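Q: Have a look at this one before I ask anything.
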Amino acid sequence: MSAGDVVGIVANGALPYEFDAITREAVPVGDYVVVRTADGSEVLGMVEGTTINSEIMEVARNFSDASEAGELALRNPRDKSYSSHVRVLGLLDGLRSGEVRMPSLPPVPGSTMRRATPEELSAAFGGPDRRWFPIGSLLRSPSVRVHVDVNRVASRHLAILASTGAGKSNMLALIAKAIAGLRGTMVIFDYHGEYAGLDLGGRGRPVMPVVNPRHLDPDELADLLEIREGAGKQRHVLEEALSGARDARDFWGSLREGVEGQEDDREYREPARRVADIIESALRRFGSVLDPDSPPPLRLLAEGYVNVVNLSELSPRQADVVISRYMEEVLADRKRSRSGEPGVLRKPVVLALEEAHVFIPGGREDRTKTRETAARIAREGRKFGVSLVIVSQRPQRLDQDVLSQMGSLAVGRLLNQRDRSFVQDSSEFLTEEMTGYLPDLNPGEAILVGQWVKLPAMVKVDRVEEKLVGMDVDAVGEWSSWGGPSEDTDEFIRR
Ligand SMILES: Nc1ncnc2c1ncn2[C@@H]1O[C@H](COP(=O)(O)OP(=O)(O)OP(=O)(O)O)[C@@H](O)[C@H]1O
Ligand SMILES: [Mg+2]
Numbered sequence: 263m264s265a266g267d268v269v270g271i272v273a274n275g276a277l278p279y280e281f282d283a284i285t286r287e288a289v290p291v292g293d294y295v296v297v298r299t300a301d302g303s304e305v306l307g308m309v310e311g312t313t314i315n316s317e318i319m320e321v322a323r324n325f326s327d328a329s330e331a332g333e334l335a336l337r338n339p340r341d342k343s344y345s346s347h348v349r350v351l352g353l354l355d356g357l358r359s360g361e362v363r364m365p366s367l368p369p370v371p372g373s374t375m376r377r378a379t380p381e382e383l384s385a386a387f388g389g390p391d392r393r394w395f396p397i398g399s400l401l402r403s404p405s406v407r408v409h410v411d412v413n414r415v416a417s418r419h420l421a422i423l424a425s426t427g428a429g430k431s432n433m434l435a436l437i438a439k440a441i442a443g444l445r446g447t448m449v450i451f452d453y454h455g456e457y458a459g460l461d462l463g464g465r466g467r468p469v470m471p472v473v474n475p476r477h478l479d480p481d482e483l484a485d486l487l488e489i490r491e492g493a494g495k496q497r498h499v500l501e502e503a504l505s506g507a508r509d510a511r512d513f514w515g516s517l518r519e520g521v522e523g524q525e526d527d528r529e530y531r532e533p534a535r536r537v538a539d540i541i542e543s544a545l546r547r548f549g550s551v552l553d554p555d556s557p558p559p560l561r562l563l564a565e566g567y568v569n570v571v572n573l574s575e576l577s578p579r580q581a582d583v584v585i586s587r588y589m590e591e592v593l594a595d596r597k598r599s600r601s602g603e604p605g606v607l608r609k610p611v612v613l614a615l616e617e618a619h620v621f622i623p624g625g626r627e628d629r630t631k632t633r634e635t636a637a638r639i640a641r642e643g644r645k646f647g648v649s650l651v652i653v654s655q656r657p658q659r660l661d662q663d664v665l666s667q668m669g670s671l672a673v674g675r676l677l678n679q680r681d682r683s684f685v686q687d688s689s690e691f692l693t694e695e696m697t698g699y700l701p702d703l704n705p706g707e708a709i710l711v712g713q714w715v716k717l718p719a720m721v722k723v724d725r726v727e728e729k730l731v732g733m734d735v736d737a738v739g740e741w742s743s744w745g746g747p748s749e750d751t752d753e754f755i756r757r
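Spelled out as structure tokens, the structure:
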């Protein structure tokens, strides 16, 4: 190593898995460095934190002191000291061959630290076979491509967390493309209708969120019809009517009759009338979602495709019923397939959920149906080849049990302090230093940790060009290119 390559010197107190270094200049967070341990083997480390100190500023106690000290400090190059905290990621030799092995000895204080070369990093972040998918480039070394292990996404769950507009849906779109390219099966619960235009190379399939009311339990049907949770009598009326209508040829006709029949009972007259109105209005608004002749959800999903379930017309409560139905049926079917019975889905399935904090909330009183199912999949889905990808901009509202089961994380810019602490508390992979860096990330940048990456990485994620929905609207551009209506207000009113 020539003196020019040396960026720092290992400080006292080094441990096998982390150490501090006194550096020549400030080394950016996310940079990769190499040191030798006490037995001479090289290890790769990532800079997690960097500080700059001024000796003269130590003594400044008021503004005048500080301003004079600042000028003096600027003129004196020896005044500044730079130090970095480095996390050891593994032995360089092992990483070259795709294996993460930790050293058993720390580096010797006083020994030199150099920057890792792009070749070393490409070997460490590269993808030796098909299951490794390129997702972006290292933020601090753009020539190095970072690959993620799709096998781990499909077996150990993934959470994509970042403030709004930070690039979550873009990343999910990339993952969908990877799975489509591998002829894998994925279901995206698309709450904002933004994945329809994705180019999935012919392996994307739009799915209308159709549910067969005959197969719903009374509470689920009441939720879908938007009967209030506290309206006990209305729910009772519906339950009675549903039991008679389930197997009727004309489901809606029979349900109506069942409801109207209860108007004779004085106690239920008003609730029955109300339910009749609710059914009429619900059918007008989203009759297409409730189809008594539709096949069960499993028949609507296609194996080997990315199935995009468009939920954009539904209220959160309605979407909750649809999502939990689909998830439950997928899990049950995969259990059947695994135990040798004939199932519809013979291969592993990835279920991706946008706005996960709405459907898998952590609050005690927010018991959604999807939360129960998702918790089960998070716990046992791995055994049956069902995995979850949860996407959220409000991680602190997520169910902590579910979040802690996520084997991999992509965390982008997170501005809210409570969101950051919640994520760090719920995950074994994010260190305090990494969490502290989250507000400084730009849109499209993310920290990838957990089982889907060989090493923690700060990444500039590739942009999916055709994914236009979700982009910020250029209001000023659109208004000015239009030029506005040709008539002014006075003309408009006269007309
Ligand atoms: N990796 C990237 N590189 C460049 N631009 C990106 C990248 N990721 C996202 N963007 C841009 O940032 C904007 C927001 O992206 P995206 O819709 O993925 O964010 P989001 O986190 O899903 O937002 P929301 O919380 O509103 O759903 C888009 O205009 C998108 O084009
Ligand atoms: Mg989004």
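Residue numbers (the working numbering): 263 to 757. Heads up, the beta-carbon is just placed ideally off N, CA and C, and yes, glycines get one too. From a predicted model like this one, the values you see are computed outputs, not experimental measurements.
#1: Quick one: is Q524 buried, meaning 16 or more other Cβ sit within 10 Å of its Cβ, or exposed?
#2: Among the residues of its own chain, which have a CB less than 6 Å from the CB of D293, if the five just before and after it don't count?
#3: Going by CA-CA distance only, name the one from A493, R561, E591 and L562 that's closest to I540.
#4: Is K597 near ligand 2, judged by its Cβ being under 7 Å from some heavy atom?
#5: Expressed to the nearest angstrom, what Euclidean distance is found between the alpha-carbon atoms of S742 and D663?
#6: Using only the alpha-carbon positions, how far apart do K631 and M364 sit?
#7: Pull up the distance between the alpha-carbon of V289 and that of I318, whole angstroms please.
#8: Any Cβ of chain E within less than 8 Å of the Cβ of R508?
#9: In angstroms with no decimal places, state the Cα-to-Cα distance between D481 and D582.
#10: Any heavy atom of ligand 2 closer than 7 Å to the beta-carbon of K439?
#11: Hey, could you find the ends of the alpha helix (DSSP H) F451 is sitting in?
#12: Got a sec, what are the start and stop residues for the alpha helix (DSSP H) H409 sits in?
#13: For ligand 2, is there any heavy atom lying closer than 7 Å to the beta carbon of S431?
#14: Which of helix, strand or coil does DSSP assign to R633?
#15: Considering Cα atoms alone, identify which of V272, H409 and A378 is closest to I397.
#16: Using 8 Å as the Cβ pair cut-off and three pairs as the minimum, do the stretch 617-635 and the stretch 574-591 touch?
#17: Please find out if some non-hydrogen atom of ligand 1 comes closer than 7 Å to the beta-carbon of A428.
#18: Can you have a look at Q679 and say buried or exposed, based on whether 16 or more other CB atoms are within 10 angstroms of its CB?
#19: Taking 7 Å as the cut-off, is the CB of V723 close to at least one heavy atom of ligand 1?
#20: Measuring from the CB of E542, is there a heavy atom of ligand 2 at a distance below 7 Å?
#21: In terms of residue numbering, what span does the beta strand (DSSP E) encompassing N315 cover?
#22: Using only CA atoms, which one of V653, G669, R626 and R659 lies nearest to A640?
#23: Once the 5 residues before and after R490 are set aside, which same chain residues still bring their CB inside 8 Å of it?
#24: Among T313, S683, R298 and A708, which residue has its Cα nearest to the Cα of P278?
#25: First and last residue of the beta strand (DSSP E) that includes A335?
#26: Between E616 and ligand 2, is the CB less than 7 Å from at least one heavy atom?
#27: Answer yes or no: the CB of G698 versus the heavy atoms of ligand 1, is any distance below 7 Å?
#28: Counting pairs of beta carbons, one from the stretch 559-574 and one from the stretch 443-450, are three or more of them closer than 8 Å?
#29: Buried or exposed for N274, please, with buried defined as at least 16 other CB atoms from any protein chain shown within 10 angstroms of its CB.
#30: Can you list the alpha helix (DSSP H) stretches of 4 or more residues lying completely in the stretch 364-404, in chain order?
#31: Can you pull the DSSP bridge partners for H347?
#32: Could you have a look at I622 and say whether DSSP puts it in helix, strand or coil?
#33: Would you say L665 and V711 are within 8 Å of each other, going by their C-beta atoms?
#34: Over what stretch of residues does the alpha helix (DSSP H) that includes Y699 continue unbroken?
#35: Is there at least one non-hydrogen atom of ligand 1 closer than 7 Å to the beta-carbon of A424?
A: Considering the structure as presented:
#1: Within the sequence shown, residue 524 is the residue found at index 262, counting from 1. Burial call: buried.
#2: Reading the sequence shown from its first residue, position 31 is the one you call residue 293. Within the same chain, D293 has close Cβ partners V309 and R402.
#3: For the purposes of this step, residue 540 is taken as the residue at position 278 of the sequence shown. Considering only alpha carbons, the answer is A493.
#4: In the sequence shown, residue 597 corresponds to position 335, counting from 1. No - ligand 2 has no heavy atom lying nearer than 7 Å to the Cβ of K597.
#5: The sequence position of residue 742 within the sequence shown is 480, counting from 1. The sequence position of residue 663 within the sequence shown is 401, counting from 1. So the two alpha carbons sit approximately 49 Å from each other.
#6: Walking along the sequence shown from the start, residue 631 turns up at place 369. Walking along the sequence shown from the start, residue 364 turns up at place 102. Their Cα atoms are separated by approximately 43 Å.
#7: In the sequence shown, the residue the question calls residue 289 occupies position 27. In the sequence shown, the residue the question calls residue 318 occupies position 56. Using only the alpha carbons, I get a separation of about 22 Å.
#8: The question asks about chain E, but that chain is absent: this structure has only one protein chain.
#9: For the purposes of this step, residue 481 is taken as residue 219 along the sequence shown, with counting starting at 1. For the purposes of this step, residue 582 is taken as residue 320 along the sequence shown, with counting starting at 1. If you draw a straight line from the Cα of D481 to the Cα of D582, it is about 12 Å long.
#10: Position 177 of the sequence shown, counting from 1, holds the residue named residue 439. Not under cutoff, so the answer is no.
#11: Counting from 1 along the sequence shown, the entry for residue 451 is found at position 189. Looking at the DSSP string, F451 is not in any alpha helix (DSSP H); the run it does join, the beta strand (DSSP E), is T447 to D452.
#12: To locate residue 409, count along the sequence shown from 1; it is residue 147. It is not in any alpha helix (DSSP H) - H409 instead sits in the beta strand (DSSP E) that spans S403 to D411.
#13: For this step, residue 431 is matched to residue 169 along the sequence shown. Yes, ligand 2 has a heavy atom inside 7 Å of this Cβ.
#14: The sequence position of residue 633 within the sequence shown is 371, counting from 1. Judged by DSSP in its simplified three-state form, R633 adopts helix.
#15: Within the sequence shown, numbered from 1, the residue matching residue 397 stands at position 135. The option with the nearest alpha carbon to I397 is H409.
#16: Here the stretch 617-635 makes contact with the stretch 574-591; the two share three or more CB pairs at distances below 8 Å.
#17: Here residue 428 refers to the residue found at position 166 when the sequence shown is read from its first residue. If you check the C-beta of A428 against ligand 1, you find a heavy atom less than 7 Å away.
#18: What you label residue 679 is simply residue 417 of the sequence shown in a count that begins at 1. Exposed is the call here.
#19: Taking the sequence shown and counting its residues from 1, the one referred to as residue 723 is at position 461. Flag set: Cβ of V723 near ligand 1.
#20: The sequence position of residue 542 within the sequence shown is 280, counting from 1. For ligand 2, not one heavy atom lies less than 7 Å from the Cβ of E542.
#21: Sequence index remark: in the sequence shown, residue 315 carries index 53 (1-based). That run of the beta strand (DSSP E) goes E304 to S316.
#22: Taking the sequence shown and counting its residues from 1, one reaches residue 640 at position 378. Nearest of V653, G669, R626 and R659 to A640, Cα basis: G669.
#23: In the sequence shown, the residue the question calls residue 490 occupies position 228. Same-chain partners within the cutoff: Q496.
#24: Working through the sequence shown from its first residue, we reach residue 278 at position 16. Residue R298 is the option with its Cα nearest to P278.
#25: Your numbering for residue 335 matches position 73 in the sequence shown. Per DSSP, A335 belongs to no beta strand (DSSP E); it is in the alpha helix (DSSP H), F325 to R337.
#26: Position 354 of the sequence shown, counting from 1, holds the residue named residue 616. Yes, the beta carbon of E616 sits closer than 7 Å to at least one heavy atom of ligand 2.
#27: The residue given as residue 698 occupies position 436 in the sequence shown. For ligand 1, not one heavy atom lies less than 7 Å from the Cβ of G698.
#28: yes
#29: Here residue 274 refers to the residue found at position 12 when the sequence shown is read from its first residue. With fewer than 16 other Cβ atoms within 10 Å, it is exposed.
#30: 380-387
#31: The residue you call residue 347 lines up with position 85 of the sequence shown. H347 has D282 and G311 as its beta-bridge partners, per DSSP.
#32: Taking the first residue of the sequence shown as 1, we reach residue 622 at position 360. Looking at I622 - three-state DSSP - the assignment turns out to be coil, as it is neither helix nor strand.
#33: Looking up residue 665 in the sequence shown gives position 403. Looking up residue 711 in the sequence shown gives position 449. No, these two residues do not count as a Cβ contact at 8 Å.
#34: Mapped onto the sequence shown, residue 699 falls at position 437. E694 to Y699 is the extent of the alpha helix (DSSP H) around Y699.
#35: The residue you call residue 424 lines up with position 162 of the sequence shown. Checking the Cβ of A424 against ligand 1 gives yes.
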